[in-house]
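Protein chains in written order, with my numbering: chain G, 39 to 372; chain A, 39 to 372.
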């Protein structure tokens, strides 16, 4: 697959360089580590820090979500690979304002190990209190009884949104952790894959699907899903995704939710809005009120084809946090 | 090519339905015409209206740019086809606040005919004064001496941004027209195509390129470019695009510009930021200051692969308008 890149070895470095140059009023690269990006704004003393991170290739996740009302810093890994402890640790030190830092990241072995190690080092070296919330929104990745084994995918946007807003509003360390955990507990995602992406280094497709085939529950690094089959019309695909979500996390009539219809990379806005149309129909039929909706590329897998639907069940506290404004290079909410 | 759609005949209707449902606080569909979308906000009496439109398939352009600080309404055509006069006329009537409406659209035969006809009818039927600014930013589409023959592509974002801000700030009809015209005069775009898109109705690729081939100057409906050749490294591609722009519109050292690195559909943010990195290097070398930058999908061609670089030369007036905030469903600026 063709890509507009230079040397495949330096794609992440060059992306970071371009990113920081493009948004100098929003973000800056730490002198201490070339994979640590933090907000360019001065945050107030006593603000709980929010740190995100993970592999590259999911842009706007994660680096695009550093800014007011979202994260204070991000550690950037290689493509589809966890950042090592160093950039996580340096970003932690840079964003701590005396009240600790909350890590939010997806449930992957490498991230667990590296963020875990950074958390220990932050405490040992600098006495910084670190809390961690592991995102596990992908319904297809493990059965209900083993929710702790589930992977984190697009729903991490909601977790970051809620925790970032809470921290910005002046919530305590414990409360930011509690909010992030609640946002994760109340969020479910189901995805569908249509076509693979390719890594710059290899140029080879990340998985194979026949022309006219789709895969339900495909992971966002190409991890196997739960069902391959013939491509169905969008409405039927959405019915499946939403029903799987609601079966896993029943939502009462009268409840409020936030909805994210997320493109994986090469899926058009046209398709995403056609999907949203059906999500709205289904939820309205069930008496569920969509309090706020997001449609677009929020967490991609390079140029993968496909989409996911995330639903976050909202209590009053989460609804307020979802409505809170944000100002990041790749996401702004008034 | 696989798509998440239902019946190909109704993709535009279903997209519009999803779009309006997803953003009820921002936009509404006119009861008078199913292809006319206008702002849901009440605009003040005497505000000059800004109306955009064109074929579908370029999302976020054009429907995504209705909102405060941008357009008041949009007429939505079929995929890659101009909207007929009716939705343009109805949107014109809906957004006129007594001081006239300024049309902004790309230089294509169908748009010229249909927007022209709507402008006449608006005057005849309702006495609404209409001004038109035709976007002609695509350097590759005609030689310098025939700039009026050039097509409009991603640079239309800058024209809408400047005119929308001017109208919101209370500029007069004549001044909004003047600003839109100046923004177009001061904007140039050069694009590169890597891979085709396919129309939902046919499923067939819009053009053909060999694996490892690129096409400089490819139009955003697949119109032929000016040079096919082997895919080059991103830096070389950007050098070509930026040099062609600067040759066509020389920019003095010390000048300020706005830059847009736009993805055509399936090009990753990683690639776009790698391209931006090089744009910034080139302009900085020449002493040109990037006042504000935009990197992402601002005007697509369904899932086409490739990107474009737009540069708007800024005087003080345009710089202020570029900085003005905006709040649209697919684009927010604080």
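For every residue, glycine included, the Cβ atom is placed at its ideal position computed from N, Cα and C.
| Where the region 104 to 131 of chain A meets chain G: residues whose CB sits under 9 angstroms from a CB there | 106, 117
| In the region 197 to 242 of chain A, which residue ranges form an unbroken alpha helix (DSSP H) of at least 4 residues, counting only runs that do not cross its ends? | 211 to 223
| query | Should residue 121 of chain A be labelled buried (16 or more other beta-carbon atoms within 10 Å of its own) or exposed? | reply | buried
| query | With 16 other CB atoms within 10 Å as the buried threshold, where does residue 80 of chain G fall? | reply | exposed
| query | Can you list the residues of chain G that residue 277 of chain A reaches, using a CB-CB cut of under 9 angstroms? | reply | Those do not exist, as residue 277 of chain A stays about 12 angstroms from chain G at its closest Cβ, beyond 9 angstroms.
| message | In this structure, how does DSSP classify residue 266 of chain A when only helix, strand and coil are distinguished? | response | strand
| message | Rounded to whole angstroms, what is the Cα-Cα separation between residue 368 of chain G and residue 63 of chain A? | response | 21 angstroms
| request: Classify residue 247 of chain A as helix, strand or coil using the three-state DSSP reduction. | output: coil
| From G:86, G:90, G:218, residue whose alpha carbon lies closest to that of residue 74 of chain G | G:90
| said: So the candidates are G:213, G:226, G:231; which of them puts its Cα closest to the Cα of residue 375 of chain G? | reply: The displayed coordinates of chain G run from 39 to 372. Any statement about residue 375 of chain G would go beyond what the structure contains.
| field | Residue nearest to residue 276 of chain A in terms of C-alpha spacing, selected from G:51, G:56, G:222 | value | G:56
| Residue-chain proximity (residue 151 of chain G, chain A), Cβ-Cβ < 8 angstroms | no
| request: Could you work out which residues of chain G lie near residue 273 of chain A, taking near to mean beta carbons separated by less than 7 angstroms? | output: 44
| query | How is residue 189 of chain G classed by DSSP in three states: helix, strand or coil? | reply | coil
| Applying a beta-carbon distance threshold of less than 7 angstroms, which residues of chain A neighbour residue 52 of chain G? | 312, 315
| Can you list, in chain order, the residues of its chain whose CB lies under 8 angstroms from that of residue 161 of chain A, leaving out five sequence neighbours each side? | 167, 168
| What whole-angstrom Cβ distance do residue 86 of chain A and residue 101 of chain A have, given they're in contact under 8 angstroms? | Wrong, their Cβ atoms sit about 20 angstroms apart, outside the cutoff.
| request: With residue 87 of chain G as the anchor, note down where its beta strand (DSSP E) starts and where it stops. | output: 87 to 94
| field | Pairwise C-alpha distance: residue 95 of chain G and residue 301 of chain A | value | 15 angstroms
| field | Min CB distance residue 234 of chain A to chain G below 8 angstroms | value | no
| query | Going along chain C in order, which residues have a C-beta closer than 7 angstroms to the C-beta of residue 307 of chain G? | reply | As a matter of chain content, chain C is missing from the structure shown, whose protein chains are G and A.
| When you compare only the Cα positions, how much space is there between residue 338 of chain A and residue 97 of chain A? | 6 angstroms
| Helix, strand or coil for residue 137 of chain A per DSSP? | coil
| Alpha carbon of residue 419 of chain A to alpha carbon of residue 170 of chain A, nearest angstrom | The first residue shown for chain A is 39 and the last is 372, placing residue 419 of chain A beyond what the model contains.
| query | Among A:163, A:193, A:182, which one has its Cα closest to the Cα of residue 173 of chain A? | reply | A:193
| field | Spatial distance of residue 350 of chain G from residue 54 of chain A (CA atoms) | value | 24 angstroms
| Which one of A:261, A:299, A:323, A:313 has the shortest CA to CA distance from residue 289 of chain A? | A:323
| said: Rounded to whole angstroms, what is the Cα-Cα separation between residue 218 of chain G and residue 346 of chain G? | reply: 21 angstroms
| said: Looking at the secondary structure, which residues open and close the beta strand (DSSP E) in which residue 331 of chain A lies? | reply: 327 to 334
| Does the beta carbon of residue 250 of chain G sit closer than 8 angstroms to a beta carbon anywhere in chain A? | yes
| Roughly how many whole angstroms lie between the Cα atoms of residue 78 of chain G and residue 365 of chain G? | 12 angstroms
| residue 73 of chain G - containing beta strand (DSSP E), residue span | 71 to 77
| task | Could you spell out the range, first to last residue, of the alpha helix (DSSP H) harbouring residue 310 of chain G? | result | 307 to 323
| query | Under 9 angstroms Cβ-Cβ, which residues of chain A neighbour residue 269 of chain G? | reply | 40, 41, 42
| Among A:330, A:259, A:307, A:308, the one whose alpha carbon lies nearest that of residue 294 of chain A | A:330
| request: List the DSSP bridge partners of residue 294 of chain G. | output: G:327, G:352
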